[in-house]
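Chemist: Residue numbers (our numbering): 64 to 641.
C-beta atoms are modelled at their ideal positions from N, C-alpha and C, and glycine is treated no differently.
Can you read through this structure? Questions will come right after.
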């Protein structure tokens with residue numbers, strides 16, 4: 064095979080946002096995952112999707128003790144329930160598995176508590192009947208917030224948090240986090256997971272969903288303002304992925320709730336920390352159209368529209384604005400970067416189009432520079448997809464980007480490598496907001512593999528060559544907790560102790576960290592199945608990406624433009640296809 068790279072010409076720029084990441088709290092990716100909280104049900108506000116009271120979930124009395132939920136004299140109207148304890152109580156952690164105690168790590172225990180009489184509250188970490196570490200707090204009859212920094216003197220795969228006192232006491236909020244979070248942030252992210260995402264050098268972060276934005280009921284709709292303010296005052300919502308229909312046989316995600324501790328403020332901070340542009344997705348007045356398809360009437364859309372305007376003010380407003388003041392009080396006086404917002408997720412047909420249009424007009428009237436992302440339905444073809452494109456061609460409220468999602472077999476990605484080469488220029492630029500290759504030979508469960516990663520890499524060469532039509536891409540889902548996932552494959556797998564990077568992750572990293580500024584041209588002559596793309600950077604760097612989907616080596620001679628000198632660095636991903 065002979066590859067000839069043609070001389071550099073600035074004909075087609077590649078959008079600097081081409082490769083990003085998409086985070087959704089699915090597979091325990093947020094609560095129970097990247098969000099570093101170790102206590103399950105920390106606010107005693109859990110009510111599940113069936114309306115059942117789960118406020119004592121993952122809390123159990125010690126032998127001889129008693130616990131009960133009360134709400135007679137709450138500390139906060141947003142968090143009105145608290146736990147009354149006689150003797151002592153244990154938190155079982157997410158999935159009832161306790162938590163991994165890392166020797167030498169310091170843990171921050173935060174408790175809001177009171178007692179009938181002044182007393183000492185003893186906090187301890189225990190495993191197999193042995194005390195690993197602990198500390199003490201002096202309680203009074205008034206609600207008070209306490210923080211302890213507790214060193215872990217021993218390691219344990221399954222530790223429990225135990226709280227005891229000699230007199231009845233009450234707990235309103237209990238949080239336990241490692242102090243060594245990503246960049247040391249107090250209400251922080253699990254360091255290993257957050258760093259693995261940062262290592263992708265994503266150009267943007269799409270958050271918080273996904274299906275979680277839509278919700279499965281009016282009350283379950285994701286409303287970003289509920290995720291702001293002190294974490295102890297944020298509302299607890301049930302997570303749609305706790306529902307039985309999403310579980311593998313024999314598994315339960317009954318304790319999968321949204322604490323909103325990982326809220327919009329934290330998402331914006333993380334974007335700032337890793338140099339990614341924030342891409343928040345807001346509800347558009349619709350729940351999941353695959354299920355209940357509940358609709359907020361058009362004449363009642365004012366609160367939904369206000370969410371978009373409030374979000375812009377929260378990110379961009381100065382401290383004299385109501386939402387800017389909230390941001391400043393949370394610790395960030397300077398504005399955040401915000402250039403784009405997604406309107407809904409996987410929505411379609413007229414009930415979506417008319418709601419998008421009223422949101423579009425309201426946002427553009429206030430901030431015409433905000434780029435809005437519209438939905439092209441739930442899949443890559445069919446009547447809903449075609450209807451979305453027909454609407455986008457004729458509406459006066461044309462989205463800036465069209466969000467397309469596809470989870471397909473590996474063969475589809477090869478067949479569609481040039482899918483966007485002749486894309487209709489009358490349509491918005493493409494945002495491939497969710498995609499992953501699923502191997503043909505998988506039976507039952509769909510697994511990560513080098514075979515699927517190579518198919519995705521081949522597809523991405525076509526994406527780069529269609530840079531005139533495509534602006535952004537991101538794989539989905541990003542995270543999966545081993546033994547507790549509702550969806551697979553996932554880019555990064557983790558358990559309570561560590562994480563595991565997939566071949567699909569390595570493909571994303573190779574493409575994302577080797578971004579060009581301008582599309583180049585490469586000519587192939589010879590036998591062999593090879594998918595290529597070439598790009599250039601302003602500093603003169605040439606980036607050649609080549610994908611061999613076969614089991615055979617393909618020798619290739621590469622001819623560079625005349626006069627090009629310098630060093631060559633090669634990154635190769637290879638291995639068994641499965």
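Please name the residue in 589, 166, 83 and 364 whose C-alpha comes closest to that of residue 533.
Modeler: 83
Chemist: Decide yes or no for the touch test of the region 88-95 against the region 536-555: beta carbon pairs closer than 8 Å, at least 3 of them.
Modeler: yes
Chemist: Below 6 Å CB to CB, which residues in the same chain sit around residue 388 once its five sequence neighbours on both sides are set aside?
Modeler: 382
Chemist: Identify which residue in 113, 233, 66 and 193 has its Cα closest to the Cα of residue 146.
Modeler: 233
Chemist: Among 291, 280 and 385, which residue has its Cα nearest to the Cα of residue 354?
Modeler: 280
Chemist: Any chance the region 273-292 sits against the region 337-350, with 3 or more Cβ pairs inside 8 Å?
Modeler: yes
Chemist: At 4 residues or longer, and completely inside the region 458-503: list those alpha helix (DSSP H) runs for me, N to C.
Modeler: Uninterrupted alpha helix (DSSP H) stretches at least 4 residues long and entirely within the region 458-503 occur at 473-478, given in chain order.
Chemist: Buried or exposed for residue 138, please, with buried defined as at least 16 other CB atoms from any protein chain shown within 10 angstroms of its CB.
Modeler: buried
Chemist: Between which residues of its own chain and residue 80 is the CB-CB distance below 7 Å, once the five residues before and five after are set aside?
Modeler: Only 266, 267, 340, 534 and 535 meet the Cβ criterion.
Chemist: Is the number of C-beta pairs between the region 243-262 and the region 187-198 that are closer than 8 Å three or more?
Modeler: no
Chemist: Write down every uninterrupted run of the beta strand (DSSP E) in the region 574-633 whose length is 3 residues or greater and which is fully enclosed by it, in chain order.
Modeler: 585-588, 594-599, 605-610 and 620-622
Chemist: What three-state label does DSSP hand residue 240 in the structure shown?
Modeler: strand
Chemist: Which ranges does the beta strand (DSSP E) cover as unbroken runs of at least 3 residues, wholly within the region 390-424, from first to last along the chain?
Modeler: 403-406
Chemist: So residue 274 is in the alpha helix (DSSP H); what residue range does that whole segment cover?
Modeler: 274-277
Chemist: Within 10 angstroms of the Cβ of residue 356, are there 16 or more other Cβ atoms? Answer buried if so, exposed if not.
Modeler: Its Cβ having fewer than 16 others within 10 Å, residue 356 is exposed.
Chemist: Leaving aside the five residues before and after residue 597 along the sequence, list all residues of the same chain whose C-beta is less than 6 Å from its C-beta, in chain order.
Modeler: 68, 583, 585 and 607
Chemist: Which value, in whole angstroms, describes the spacing of the CA atoms of residue 501 and residue 311?
Modeler: Approximately 18 Å between the Cα atoms of the pair.
Chemist: For residue 580, which residues of its own chain have a beta-carbon under 8 Å away from its beta-carbon, when the five flanking residues on both sides are left out?
Modeler: Its chain contains 76, 77, 79, 598, 599, 600 and 601 as the residues whose beta carbon lies nearer than 8 Å to that of residue 580, once the 5 sequence neighbours on both sides are disregarded; these appear in chain order.
Chemist: Out of 370, 189, 499 and 569, state which residue places its alpha-carbon closest to the alpha-carbon of residue 218.
Modeler: Checking every option, the nearest Cα to that of residue 218 belongs to 189.
Chemist: Can you give me the Cβ contacts of residue 441 inside the same chain, cut-off strictly under 6 Å, excluding the 5 residues immediately before and after it?
Modeler: 409
Chemist: How would you label residue 166, buried or exposed, when you count the other beta carbons within 10 angstroms and need 16 or more for buried?
Modeler: exposed
Chemist: The alpha helix (DSSP H) spanning residue 366 covers which residue range?
Modeler: Element bounds for residue 366: 365-379.
Chemist: How would you call residue 611, buried or exposed, if buried means at least 16 neighbouring beta carbons within 10 angstroms?
Modeler: So residue 611 counts as buried.
Chemist: What do you get for residue 459, buried or exposed, if any count of 16 or more other CB atoms within 10 angstroms of its CB means buried?
Modeler: exposed
Chemist: Does DSSP put residue 300 in a helix, a strand or coil?
Modeler: strand
Chemist: From this set, 201, 171, 191 and 516, which residue's C-alpha is nearest residue 180's C-alpha?
Modeler: 201
Chemist: Taking the straight line between their C-alpha atoms, what separation do you get for residue 323 and residue 97?
Modeler: 13 Å
Chemist: Just tell me which of 496, 474 and 156 has its CA closest to the CA of residue 271.
Modeler: 496
Chemist: Using CA coordinates, which residue listed in 94, 113 and 148 is at the minimum distance from residue 129?
Modeler: Nearest C-alpha to residue 129: 148.
Chemist: Per the DSSP calculation, residue 194 is bridged to which residue(s)?
Modeler: 189
Chemist: Is it right to say residue 662 is buried, meaning 16 or more other beta carbons lie within 10 angstroms of its own, or is it exposed?
Modeler: An answer regarding residue 662 cannot be provided, because it is not within the stretch 64 to 641 covered by the chain.
Chemist: Can you name the start and end residues of the alpha helix (DSSP H) that residue 334 belongs to?
Modeler: 327-337
Chemist: Whole-angstrom Cβ separation of residue 231 and residue 178, contact assumed at under 8 Å?
Modeler: 7 Å
Chemist: Which residues in the same chain as residue 131 place their Cβ atom closer than 6 Å to its Cβ, once the five residues preceding and following it in sequence are excluded?
Modeler: 147
Chemist: Sort out for me which residues DSSP pairs residue 169 with in a bridge.
Modeler: 214
Chemist: List the DSSP bridge partners of residue 549.
Modeler: Bridge partners of residue 549: none, in fact.
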